[in-house]
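As numbered in this note's numbering, residues 947 to 1318 make up the sequence shown, in order. Heads up, the beta-carbon is just placed ideally off N, CA and C, and yes, glycines get one too. All values derive from a computational prediction rather than experimental measurement. Contents: one structure, followed by commentary.
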Amino acid sequence: MKLSQVNLYQLAMPLVTPFVTSYGVMKEKPFYLVEVVEENGQKGYGELEAFAVPDYTEETSETAYLILKHHLLPLLKGEDIQHPREIKERFSSIRGNEMAKAAVESAVWDLYGKCKHRSLASLLGGSRQIIDVGVSIGIQENTDTLLELVSKYVDAGYTRVKLKIKPGFDKEPIQAIREKYPTLVLMADANSAYTRSDIKLIKELDHYQLAMIEQPFGVRDFLDHAWLQKQVQTRICLDENIRSLSDVQLAVALGSCKAVNLKFSRVGGLTEALEIISYCDQEDLLVWCGGMLEAGVGRAHNLALASRSEFRFPGDISRTSRYFESDIVTSDFSFKEGKMSVPNGFGIGVAIDFKQVDKFLIQKETLLLSNK
Ligand code: OSB
Ligand code: MG
């Protein structure tokens, strides 16, 4: 496959309701839809998931765009790509910037599937057609609104609920949910809002049969997480800490966690994600599919990846309608009773709805790649 051009659609999709985490409030999702075009006109799609503010990771939508345009795409000029696996190697001279890399890499995976007449799920080694999905609930104003929300999602069939927590919004809401739903698969995500000095509180959370506590400490605090995991029964799950396979290896060596929230966009692409999945499986570490409030393209990539049998825990792959009024793809992923089907068309298996893209479009830019 020789890429002739890449089109970047800069979009901003308003969220139906603001999403609140310990980092702050998100009211819209700014992102780029990346369209890679090969010489015969076949197209592949990826989403650049970096947020507006560099709080979750260092990248922002703006910095990732610059890296993509000035440093990543030039590396593909004139290249004949035999397999999307090669992209990781081509990009290896560029440090970090995982989301910028993943946006291009995942688009090339889609393109490859379309050229080879294979679904992305089958290319990635996925075997399941229908997968259990969970929901991630932001920090709420009060316990009543929270319980109302939880009951709405439980009624919709979501098989797992993740609650965002921060100091001052942790034990009480968790206790309230637990009292009302004694057997619900429940977990908490702190997005790095606690430190060692909060050990007493975290030990209290140990009493609510949480499936896991995600990212309680700082994003490089492998040692502190290991210190914590030794003192609590509840699994510690790492999200922000994990940017590559070697980070997972470090976490295993130190005992920093028992679970990994895997977002392919946070680890530089699907190839790195596949390596992490194999390693987690071999080390008996629970691995599951995280989310970045993706629109339909990123969601389709997630579903394809999460169709692998190693994912034994419901992912953060709720319906797009939870976040957005309307989506940029034509499929609605047929959500039914907490399960979503994995698209089985070629590549990501969903078509772009360009009318919708136009609705959210800020600007479109074409970058030519054909001559060296
Ligand atoms: O920590 O997983 C996270 C959203 C924004 C920033 C960080 C996170 C999240 C989510 C959203 O939990 C999950 C989803 O896409 O539904
Ligand atoms: Mg998280």
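As assigned by DSSP and simplified to three states, the class of residue i
i        : result
Asn-1207 : strand
Val-1303 : helix
Pro-1128 : coil
Tyr-1269 : coil
Gln-1195 : helix
Tyr-991  : strand
Gln-956  : strand
Asp-1078 : strand
Phe-898  : There is simply no residue 898 to check, as the chain begins at 947 and stops at 1318 in what is shown.
Gly-1072 : coil
Tyr-1225 : helix
Gly-1242 : helix
Lys-948  : strand
Thr-1276 : coil
Pro-964  : strand
Ile-1040 : coil
Lys-1310 : strand
Lys-1117 : helix
Ile-1159 : strand
Ile-1123 : helix
Lys-1318 : Interpretation of Lys-1318 is limited by its pLDDT of 49, a score under 50 that renders its predicted location unreliable; no figure is taken from the coordinates.
Ile-1298 : strand
Arg-1212 : coil
Inter-residue CB distance, residue i and residue j (contact presumed, cutoff 8 Å)
i        : j        : result
Ser-1082 : Gly-970  : Going by Cβ atoms, the distance from Ser-1082 to Gly-970 rounds to 16 Å, so no, they are not a contact pair.
Asn-1207 : Glu-1160 : 6 Å
Pro-1260 : Gly-1084 : Not a contact, Cβ separation roughly 18 Å.
Phe-977  : Leu-994  : 6 Å
Ala-1046 : Glu-1005 : 7 Å
Ala-1134 : Leu-1156 : 6 Å
Leu-1191 : Cys-1203 : Actually they are not in contact, since the Cβ atoms of Leu-1191 and Cys-1203 sit about 14 Å apart, beyond 8 Å.
Tyr-1154 : Ile-1111 : Not quite, the Cβ-Cβ distance comes to about 11 Å (not below 8 Å), so this is no contact.
Arg-1254 : Leu-1069 : About 11 Å separates the two Cβ atoms, so there is no contact after all.
His-1247 : Ile-1294 : 6 Å
Gly-1164 : Ser-1138 : 6 Å
Arg-1036 : Glu-1025 : 7 Å
Residue i, enclosing alpha helix (DSSP H) - first and last residue
i        : result
Lys-1060 : 1044-1062
Ala-1139 : Ala-1139 -> no alpha helix (DSSP H), and no H or E assigned at all.
Tyr-1011 : 1007-1013
Ile-1145 : 1145-1151
Proximity below 8 Å, CB of residue i to CB of residue j
i        : j        : result
Ile-1182 : Pro-1162 : yes
Leu-1307 : Leu-957  : yes
Glu-1051 : Lys-1034 : yes
Val-1288 : Arg-1106 : no
Asp-1170 : Arg-1212 : no
Ala-1067 : Gly-992  : no
Thr-1003 : Glu-1186 : yes
Cys-1226 : Ile-1263 : no
Ala-1219 : Ile-1077 : no
Ser-1277 : Val-1296 : yes
Cys-1053 : Gly-987  : Looking at the sequence provided, one finds Ala at residue 1053 rather than Cys. No; because the gap between Cβ atoms is not below 8 Å, this pair is not in contact.
Val-1194 : Ile-1148 : no
Lys-948  : Leu-961  : no
Val-1198 : Val-1243 : no
Gly-1214 : Tyr-1104 : no
Leu-1313 : Leu-1019 : yes
Phe-1210 : Val-1233 : no
Leu-1249 : Tyr-1269 : no
Ala-1205 : Leu-1231 : yes
Leu-1196 : Phe-1168 : yes
Gln-1028 : Val-983  : no
Run of the beta strand (DSSP E) containing residue i, from where it starts to where it stops
i        : result
Val-1096 : No beta strand (DSSP E) holds Val-1096; the alpha helix (DSSP H) holding it covers 1089-1102.
Val-1233 : 1232-1235
Gly-1293 : Note, Gly-1293: premise wrong, no beta strand (DSSP E); not H, not E.
Glu-1035 : Element bounds for Glu-1035: not the beta strand (DSSP E) but the alpha helix (DSSP H), 1031-1036.
Leu-1109 : 1107-1110
Phe-977  : 970-984
Leu-1184 : 1182-1184
Ser-1287 : 1285-1287
Residue-chain proximity (residue i, chain B), Cβ-Cβ < 8 Å
i        : result
Cys-1235 : In the structure shown, chain B cannot be found, because there is only a single protein chain.
(Q) Give the residues whose C-beta lies closer than 6 Å to at least one heavy atom of the ligand MG, in chain order. (A) Ordered along the chain, the selected set is Asp-1135, Asn-1137, Glu-1160, Gln-1161, Asp-1185, Asn-1207.
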